[in-house]
Amino acid sequence: MNPFLNELCDGKKMVDKVFKAAVAANEAKVKYGDEVVNATLGTLFDEDGVFVAFDSVWKTYETIDKIQKAKYASSIQGNPEFNAAIYDWLFGKLDKEIQCEIIATPGGAGAISSTMKNILSPGETVIKPSLGWGPYKTMAKECFLKLTDYNMFKDNHFDIVDFKTTLTKVMNEQGKVLVIINDPCHNPTGYTLSGNEWDQIIEFVNELSIQGPVIILNDIAYVDYTNQGDIWKQHFKKYNDLSNNVMVVVAFSCSKTLTAYGARVGAQIVITKDKEQLEAFKNAAIYSARSIWSTVNNSAMKLFSTIISNETLREPYIAEKQQYIDLLRERANIFVSEAKENNLEIFPHVEGFFVTIKVIDNKEKEALNLKLQKNNIFTVEVDGGLRVAICSVSKRKLKGLAKRIKEIM
Ligand SMILES: Cc1ncc(COP(=O)(O)O)c(C=O)c1O
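Pasting the structure below:
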């Protein structure tokens, strides 16, 4: 008998390791209470274990008119004030203008999957980091793409050699490269590339683009949590040095930036010197938007533009967010320093929401995760290790955690 599903989609089944681990942690919490360490969720929780929804954001939301909330967005590309606010938020402090197009998307996820869909043809290969956000894989599959990895680290730094080798190989095979770089505050390690590492990447892709188009998908989901603050955004200046045959699609997300995960707002910011190709990409992205999700959440776009364009709202928001950047740094200091003291091997961490314990062997990783769960410690299995979401664990619970994990190991 013929199945209802088409043959390309038959067998698709979502297994979300984060949600699965979170369910197990919640069940344990019901039984064992406060002794449970739930380090599974990639959302901010305060020191009392309460989900963080910034007052400065959600009080402003209450001031938005109900008609604005009810209405469709004013444009498929995104409300003009929203797109202007994104430009200002990301590039406003640069001394040179960036030639780009901005298309609103449902979160960073919408920006990433729409880029995969429009850049590569089915059967082609997208390149991702060896340690990376799980949905890159499902998105690639959804777009009928193959995946290959560049190795993230060598000697505790970005493995630029493998990056070059992998991109060159794919360029030789398919005459075009789409590569995902999740920076700053990489999920799941918390690594942030240095300026020098980025310079090497840009110099290399410029050279490689002589052979064919190179598209960098810069996933900046955690950009607003770097310890460098706005200084990090000077990085975008480097995108003015791209050769004509290189395009960058920056995937921006309001999920973390505003603690507005459920509001589903983000954007593709497309940068290239080639005006014709920029226009073509924009048109394709708008076409995909209309065909897949139509328009983006109107009130959440309004929320972002209202806060960003009004200093009396923006400054308290920045101050509130800064408290959590500081808190993340304190939490990381506890876990990372104790990991070092106890010889618990972790991947290089600079900042952000996560730290990852290195366990390369999959069987060992699964076994360790089970043992940890039996001891009421809940982490998420990721490629190469176990992710500890320091964004959701209090300092009190992080103290001594590395030692406990090492002992259980
Ligand atoms: C690395 C990374 N990229 C992108 C996203 C996109 O999130 P959203 O679609 O909620 O904006 C996330 C969210 O967890 C993430 O961790």
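In the numbering used here, each residue's number is its place in the sequence shown (first place is 1) plus 1202.
Glycine included, every Cβ here is placed at the ideal spot set by N, Cα and C.
My output table needs one value for residue i: the three-state DSSP class, helix, strand or coil.
i, result
"N1204", "coil"
"N1577", "coil"
"L1663", "Given that the chain is displayed from residue 1203 to residue 1611, the structure contains no residue 1663 and the question cannot be resolved."
"N1499", "coil"
"K1560", "strand"
"Q1413", "coil"
"R1466", "coil"
"I1607", "helix"
"G1397", "helix"
"L1460", "coil"
"V1595", "coil"
"L1444", "coil"
"I1278", "coil"
"E1571", "In the sequence under discussion, the amino acid at residue 1571 is Asn, which differs from the Glu named in the question. If DSSP states are grouped into helix, strand and coil, N1571 belongs with the helices."
"N1374", "helix"
"N1408", "helix"
"G1431", "helix"
"N1485", "helix"
Please classify residue i as buried or exposed, where buried requires at least 16 other C-beta atoms within 10 Å of its C-beta.
i, result
"V1595", "buried"
"N1500", "buried"
"S1396", "exposed"
"D1212", "exposed"
"W1260", "exposed"
"L1292", "buried"
"Y1352", "buried"
"K1330", "buried"
"N1187", "Residue 1187 lies beyond the range of the chain shown here (1203 to 1611); nothing can be said about it."
"E1583", "buried"
"V1217", "exposed"
Segments assigned alpha helix (DSSP H), at least 4 residues, entirely inside the stretch 1206 to 1266: 1219 to 1234, 1257 to 1264
Contact between the stretch 1511 to 1530 and the stretch 1332 to 1339 (3+ Cβ pairs under 8 Å): no
Runs of alpha helix (DSSP H) lying entirely within the stretch 1282 to 1366, each at least 4 residues, in chain order: 1282 to 1293, 1309 to 1321, 1337 to 1344
Segments of 3+ residues assigned as beta strand (DSSP E) that fall wholly inside the stretch 1507 to 1567: 1556 to 1560
Residues near ligand 1, criterion Cβ-heavy atom distance below 6 Å: G1244, G1309, G1310, A1311, W1335, N1384, N1389, D1421, A1423, S1455, S1457, Y1463, G1468
Validate contact between the stretch 1446 to 1455 and the stretch 1469 to 1488 using beta carbons, cut 8 Å, 3 pairs: yes
Touching by the beta-carbon criterion (3+ pairs, under 8 Å), the stretch 1312 to 1326 and the stretch 1536 to 1550: no
Stretch pair the stretch 1434 to 1448 + the stretch 1211 to 1228: three plus CB contacts closer than 8 Å: no
Three CB pairs or more closer than 8 Å across the stretch 1269 to 1283 and the stretch 1413 to 1428: no
Cβ contact check for the stretch 1474 to 1482 and the stretch 1506 to 1526: 3 or more pairs under 8 Å: no
The stretch 1385 to 1395 touching the stretch 1544 to 1557, judged by at least three CB pairs closer than 8 Å: yes
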